[in-house]
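J.: In the order they appear, the protein sequences are chains H and W. My numbering puts the first residue of the first sequence at 2, with every later residue one more than the last. My numbering puts the first residue of the second sequence at 2, with every later residue one more than the last. We put the beta carbon where it would ideally sit given N, CA and C, even for glycine.
2 protein chains.
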Amino acid sequence: MRRGVTLKDLAKELGLSVSAVSKALRNDPSIGPSTTVRVRQLAEGRNYVPNLAAIHLKQKRNFKIGVIIPDLFDQFYALVLRGIEDTAARHQYSVVFTQTHEQPDRERALIDTMLRNRIDGLLISITAKTDRTDFVDQLEAAGIPVVFFVRTPHDRVSYDVTADSFEGSREAIMYLVQKGHRRIAHLRGPTAMTLSQVRYEGYLQGLRDHQLPVDPELIKLPESGPDPTDRAMCELIQLNEPPTAIFTYKNYLTLDAISFLQREYPTRARPLDFIGFGNLPLLKHIDYRPLAAIDADPIDLGAAAFALLHQRMGNATDLVERQVKIPCHLTVY
Amino acid sequence: MRRGVTLKDLAKELGLSVSAVSKALRNDPSIGPSTTVRVRQLAEGRNYVPNLAAIHLKQKRNFKIGVIIPDLFDQFYALVLRGIEDTAARHQYSVVFTQTHEQPDRERALIDTMLRNRIDGLLISITAKTDRTDFVDQLEAAGIPVVFFVRTPHDRVSYDVTADSFEGSREAIMYLVQKGHRRIAHLRGPTAMTLSQVRYEGYLQGLRDHQLPVDPELIKLPESGPDPTDRAMCELIQLNEPPTAIFTYKNYLTLDAISFLQREYPTRARPLDFIGFGNLPLLKHIDYRPLAAIDADPIDLGAAAFALLHQRMGNATDLVERQVKIPCHLTVY
DNA sequence: TTGTATGCGTTATCAG
DNA sequence: CTGATAACGCATACAA
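#1: Identify, in the order they occur along the chain, each residue of the same chain with its Cβ nearer than 6 angstroms to the Cβ of W:Met2, setting aside the five sequence neighbours on each side.
#2: Is it a yes or a no for the segment 258-277 of chain W touching the segment 45-59 of chain W, going by three-plus beta-carbon pairs under 8 angstroms?
#3: Under a CB-based cut-off of 7 angstroms, is W:Leu219 close to chain H?
#4: How about W:Met2: is its C-beta nearer than 7 angstroms to some C-beta of chain H?
#5: Quick one: which unbroken alpha helix (DSSP H) runs of 4-plus residues sit fully inside the segment 101-182 of chain W? Chain order, please.
#6: Can you list the residues of chain W that H:Thr99 reaches, using a CB-CB cut of under 8 angstroms?
#7: So that I know if they touch, is there some Cβ in chain H lying closer than 7 angstroms to that of W:Phe74?
#8: Could you confirm whether any beta carbon from chain W is found closer than 7 angstroms to the beta carbon of H:Ser126?
#9: Name the residue from H:Pro299, H:Pro267 and H:Thr332 whose alpha carbon lies nearest to the alpha carbon of H:Ala293.
#10: Determine, using beta carbons only, whether W:Ala25 and W:Thr37 come nearer to each other than 7 angstroms.
#11: Hey, quick one: how far does the beta strand (DSSP E) through H:Asp274 stretch, first residue to last?
#12: Expressed to the nearest angstrom, what Euclidean distance is found between the alpha-carbon atoms of H:Asn118 and W:Ile56?
#13: Pull up the distance between the alpha-carbon of W:Phe248 and that of H:Arg290, whole angstroms please.
#14: Which class does H:Lys339 belong to by DSSP, given the choice of helix, strand or coil?
#15: Going along chain H, which residues have a C-beta under 9 angstroms from W:Asp29?
#16: Does the CB of H:Lys326 have a neighbour CB from chain W at under 7 angstroms?
#17: Kindly list, in the order they appear in chain W, the residues whose Cβ is closer than 8 angstroms to that of H:Asp301.
#18: Hey, W:Ile85 and W:Ala306 are a contact pair by Cβ (cut 8 angstroms); roughly how many whole angstroms apart?
#19: Quick one: using the 10 Å Cβ neighbour count with 16 as the cut-off for buried, is W:Asn52 buried or exposed?
#20: With 16 other CB atoms within 10 Å as the buried threshold, where does H:Asp274 fall?
#21: Leaving aside the five residues before and after W:Ser159 along the sequence, list all residues of the same chain whose C-beta is less than 6 angstroms from its C-beta, in chain order.
#22: Taking a contact to mean a Cβ-Cβ separation below 7 angstroms, would you say W:Thr88 touches W:Ala304 in this structure?
#23: Go ahead and label W:Ala233 buried or exposed: buried means 16 or more other beta carbons lie within 10 angstroms of its beta carbon, across all protein chains shown.
#24: Exposed or buried, W:Arg189, counting other C-beta atoms within 10 Å across all chains shown (16 or more means buried)?
#25: Taking the alpha carbon of W:Arg157 as the point to measure from, which residue in W:Gly67, W:Leu177, W:Thr134 and W:Val81 has its own alpha carbon closest?
#26: H:Leu177 to H:Gln239, Cα distance in whole Å?
#27: Tell me the DSSP bridge mates of H:Leu331?
#28: What does the Cβ neighbour count give for W:Thr255, buried or exposed, with the cut at 16 atoms within 10 Å?
#29: I need the boundaries of the alpha helix (DSSP H) containing H:Phe248, first residue and last residue.
#30: Distance check for W:Arg271 and W:Leu196, CA to CA, integer angstroms please.
#31: Residues of chain H with CB closer than 7 angstroms to the CB of W:Ser95, please, in chain order.
#32: Could you check what DSSP says for W:Ser31 in three-state terms: helix, strand or coil?
#33: What residues from chain W crowd round H:Leu1, counting only those whose CB sits closer than 8 angstroms?
#34: Could you tell me whether the segment 106-118 of chain W touches the segment 129-144 of chain W, where touching means 3 or more Cβ pairs closer than 8 angstroms?
#35: Using 7 angstroms as the threshold, is the C-beta distance between H:Ile125 and H:Thr99 below it?
#36: Can you name the residues that DSSP bridges to W:Gln324?
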């Protein structure tokens, strides 16, 4: 921005005062219709663009929100961001976003940067390792509402927008049961994540839904050590009574598991059936692929996240739902 | 941003003038060292954050750039954006980005929005169908430099940062030749895109490098009609002397081609070898996958794009290179 | 219906 | 070395 047309320029050319022009442009009823038209026409002609910096300075509002996500490389987040972006733009908000790359300390630093940037609200999907979210208190105290999405904190009740993973998990199990499976294993996600906990509980409920027993041997947490998924799969497959299907916390896990099977047991008579969260577009190109993916529409989720934050920024704080759930659906490949 | 500590607050508390505090904070030499220290300490203690809106208003600079890309869903762009983001942040610039979803008219509208947002510079990767880029003239006339990246206009000489696709293509062909291939087909990209034109020419040069003849029958443009890739593949495979390897404009095309082969010619004696642009992370999970991917490091590319724009925004306009090329490298699967 | 005055938080100029 | 003052572009209470 070098030098744009200002209200003053317009006012001078029209022989009006700056404030009159200002009002006319914002359709203030106290300005006569003929003047209003004159003003708007000139503004159009001169290609007037209001200076946001001035408006923000005046109104003490920046129409700017911060978005913090783990990693844009995950296409799910890329789409969520799209939903946020589009919805925010529709409400004249601009978005400053950054990525933590799963590093909690980087998360801290980014939040500080956001503050420095004077955001009006924050949308955040925390790191898998984030255990304390007291930054929320600082922000909320400063009048900056915080809304979590996808991943939510377990150390507080938050405003958040998430996929309805519990129901999604039940649905996934139901699908496997319909396919005739009775021994269904679960590769679960990090215990520290609420999200993975919910999916785990959905799995348990899914089994109960069909009067299937819960066998602890069928539940694996691939987390520590090298090639954790390989080890988990190894244990599963060597059970006396191995599973016939596996429900995974995320389809990225499914891919690792399948790689393992193809590498170590290429000639297995009966392949395992998989189903997991995350509708990766490239999955359909894989031969040995999961039966189906379960997921909420990421764009909807992003839109809902912005909507909730928007409500909170509009100080209608009492009426808003604290938690919003986006329904999941199954995509069969 | 509700209400932050201001210079005035600090000044009052210190019994100094606002301007003195302002100078102290910016290390103005005209302020005594003891005062400077006093000021900085209080600023720290009170957690002072300068108000960007005010600074921008004063300095007529927003430290904000616009980024327009086709689609974030393409992981290549997701990574380029990461490079831009990180580098911009390091220079105190914030980034406003939007996606065109390959729609030229949306592109127009977005540029207007950017103007309204008073960006100091624009980084853009145009639509596959963008044929006129006269918006550049408007922007440059307004003092807003424009730098293209990845995809460049063919209706003007631009400032741009691109992958060195020409050399990359030659390298790809060399790899195939080393593998013993002599009949190498090319699935090329849209003729309207400079990028795809360059890759096409790199392919031609690659053949010449090894004294291979150019056979027009081996060059296909999968563009119009339904399932264009399928049709192109169909034609190639039914040639009297079909190709033994295919060099594709983009590995997304490779995937479509492979799907076709698996569907229509599942029992083909000797499978075709593929190589294409775009290092998709999920490729390694596919059984019938391309031999290799050729690509520039997207993060480097993003960083270079910001760097070029940054130079141009810093009015060192005479010294800067107009075109920057990022080298490609081969990833063998 | 329109104009005037003031202030948002900061920086730059000029006096002291 | 430090302080007063004006200005950036806009919105708003108040005066006319």
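T.: Taking the geometry as given:
#1: Interpretation of W:Met2 is limited by its pLDDT of 43, a score under 50 that renders its predicted location unreliable; no figure is taken from the coordinates.
#2: Flag = no, the segment 258-277 of chain W and the segment 45-59 of chain W do not touch.
#3: Taking Cβ atoms only, chain H never reaches closer than 7 angstroms to W:Leu219, which makes this a no.
#4: Its pLDDT being 43, under 50, W:Met2 is placed unreliably by the model, and nothing is read from it.
#5: Every alpha helix (DSSP H) stretch that sits fully inside the segment 101-182 of chain W and reaches 4 residues is listed by chain position as 105-117, 136-142 and 166-179.
#6: Annotation: Cβ neighbours of H:Thr99 in chain W (cutoff 8 angstroms, chain order): Glu86 and Ala90.
#7: Between W:Phe74 and chain H, the shortest Cβ-Cβ separation is below 7 angstroms.
#8: Interface with chain W (7 angstroms Cβ-Cβ cutoff): H:Ser126 is excluded.
#9: Nearest in C-alpha terms to H:Ala293, of all of H:Pro299, H:Pro267 and H:Thr332, is H:Thr332.
#10: Yes, they are a contact pair.
#11: Here the beta strand (DSSP E) through H:Asp274 covers Asp274 to Phe278.
#12: Taking the straight line from one Cα to the other gives about 12 angstroms.
#13: Each residue's Cα considered, the two are about 26 angstroms apart.
#14: Here chain H comprises residues numbered 2 to 334, so residue 339 of chain H is not present and cannot be evaluated.
#15: In chain order: nothing, as chain H lies at least about 21 angstroms away.
#16: By the rule that beta-carbons nearer than 7 angstroms mark a contact, H:Lys326 does not touch chain W.
#17: None at all; the shortest Cβ gap to chain W is about 15 angstroms.
#18: Right, their Cβ atoms sit about 6 angstroms apart.
#19: Burial call: buried.
#20: So H:Asp274 ends up on the buried side.
#21: Result list for W:Ser159: Phe149 and Thr153, in chain order.
#22: Taking 7 angstroms as the Cβ cut-off, W:Thr88 and W:Ala304 qualify as a contacting pair.
#23: Answer is buried; the Cβ neighbour count reaches 16.
#24: Buried: at least 16 other Cβ atoms inside 10 Å.
#25: Minimum Cα distance to W:Arg157 is reached at W:Thr134.
#26: Counting only the Cα atoms, H:Gln239 lies some 21 angstroms from H:Leu177.
#27: H:Ile295.
#28: With 16 or more other CB atoms across the displayed protein chains lying within 10 angstroms of its CB, W:Thr255 is buried.
#29: Where H:Phe248 is concerned, there is no enclosing alpha helix (DSSP H), although the beta strand (DSSP E) it sits in stretches over Ala246 to Thr249.
#30: Taken atom to atom, the span from the alpha-carbon of W:Leu196 to that of W:Arg271 is near 32 angstroms.
#31: Residues of chain H with a Cβ closer than 7 angstroms to the Cβ of W:Ser95 are, in chain order, Val97 and Asn118.
#32: Coil at W:Ser31, not helix or strand.
#33: Only positions 2 to 334 of chain H appear in this structure, which leaves residue 1 of chain H out of reach.
#34: Taking 8 angstroms as the limit for Cβ pairs, the verdict is that the segment 129-144 of chain W does touch the segment 106-118 of chain W.
#35: For H:Ile125 and H:Thr99, no; Cβs fall outside 7 angstroms.
#36: Per DSSP, the beta bridge partners of W:Gln324 are W:Asp161.
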